[in-house]
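Working notes for the structure below.
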Amino acid sequence: MIESLVIYIAPEIKEPDRGFALNLKQALDLESTSDNEPSDSKRAVFEYADGILCLHLLLDNKPTSLSFDFDDGEVGYRARRVSKSNELVARALGVKPNYRPKVLDATAGMGRDSLIMAMLGCNVVMYERQVAIHALLANALERFKLSGHNQQVAERLFLAQNDSKEFVKGAEGFDVIYLDPMFPERKKSALVKKEMRLFKMLAGEDKDADELLLGALQSPVPRIVVKRPKGAPVLANKKPSHEIVAKKFRYDVYLNS
Ligand SMILES: C[S@@+](CC[C@H](N)C(=O)[O-])C[C@H]1O[C@@H](n2cnc3c(N)ncnc32)[C@H](O)[C@@H]1O
């Protein structure tokens, strides 16, 4: 598990990257380091280059970097193909032709699910508690907004850095609370596996996920959706109102009347 975050600001780095890096250093009270390679597996190093924030870590003693992007790779592909019929999440959220629920994504992570929900037309408030993941996500969101590739979608996404456990209990003005906590035995492709391992190095295993669901069920929000890997037990031993099952995961839907 990562225990310390530092930042590398290369001597030759130009504006605006230098300004971004100095702001992040101040906001997160980071120490500077003279090298962008982490000295051990408990330390991670932020670096800005060309507007992209990345985090350098050691995975199995090998240097590796993590950055998030809303336009690239699997996320961009899935988002570009988004439609009600190919996204089970639309069913889980209760999206209808003239109804787009307002969603609180209380476990934002890389923001992939939030992006899909925004592509479906939902306004999404994302909460992420882990500071490094939040910083990477904020940078991806900023770049997505600046790219102008999909301004309408970008404007539906809002991000906060906080633990959502308390917030969910009194959350008002939302139609859905969406939860996708980490699960110890997620099995995915090699690439995602690596991503998930990096994620776990930063965020741990979300052992308080039961509490998050119990808090959400106390809220006035009428629908709670929990994404679970195939075969994973329900959270907090609470039986959902119904399930929507996909090949590798399922949505547990709680109608919170
Ligand atoms: C499996 S990831 C979510 C992935 C996300 N659905 C996506 O599409 O990228 C879980 C994330 O939720 C965050 N998290 C877990 N519990 C949280 C809480 N109570 N408040 C805020 N963030 C939380 C973790 O730090 C982690 O980044």
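In terms of the working numbering, the sequence shown opens at residue 592 and continues consecutively.
Even for Gly, the Cβ is constructed at its ideal location relative to N, Cα and C.
The model shown is predicted, which means the values in this text are computed figures rather than measured ones.
heavy atom of ligand 1 below 8 angstroms from residue i C-beta
i, result
"S848", "no"
"A697", "yes"
"I704", "It should be pointed out that residue 704 corresponds to Asp in this sequence rather than to Ile. Checking every heavy atom of ligand 1 against the Cβ of D704, one is found closer than 8 angstroms."
"E678", "no"
"S755", "yes"
"Y690", "no"
"A794", "yes"
"F790", "yes"
"P607", "no"
"G700", "yes"
"P772", "yes"
"R819", "no"
Residue from the options with nearest C-alpha to residue i
i, options, result
"P775", "V759, E638, P820, K605", "P820"
"G764", "P824, L727, V694, D704", "V694"
"D696", "G685, K687, M708, Y690", "M708"
"R747", "D620, G702, D626", "G702"
"L727", "P824, S656, I835", "S656"
"D704", "L684, V722, A807", "L684"
Identified DSSP bridge partners for residue i
i, result
"H647", "V636, S656"
"Q752", "E719"
"D696", "M717, Y769"
"V817", "L770, D843"
"V836", "R841"
"S630", "The partner list for S630 (beta bridge, DSSP) is empty, contrary to what the question assumes."
Whole-angstrom C-beta distance between residue j and residue i, which should lie under 8 angstroms
i, j, result
"Y718", "A699", "6 angstroms"
"S623", "V597", "7 angstroms"
For the structure I just gave you, are there three or more beta carbon pairs, one from the stretch 728-739 and one from the stretch 785-805, closer than 8 angstroms? no
task: Indicate whether the contact test is met: 3 or more Cβ pairs, each with one atom in the stretch 811-819 and one in the stretch 832-847, closer than 8 angstroms.
output: yes
Kindly confirm or deny that the stretch 604-611 and the stretch 639-652 touch, where touching means at least three C-beta pairs closer than 8 angstroms.
yes
* Counting Cβ pairs, one atom from each stretch, are 3 or more of them under 8 angstroms apart for the stretch 749-769 and the stretch 806-814? -> yes
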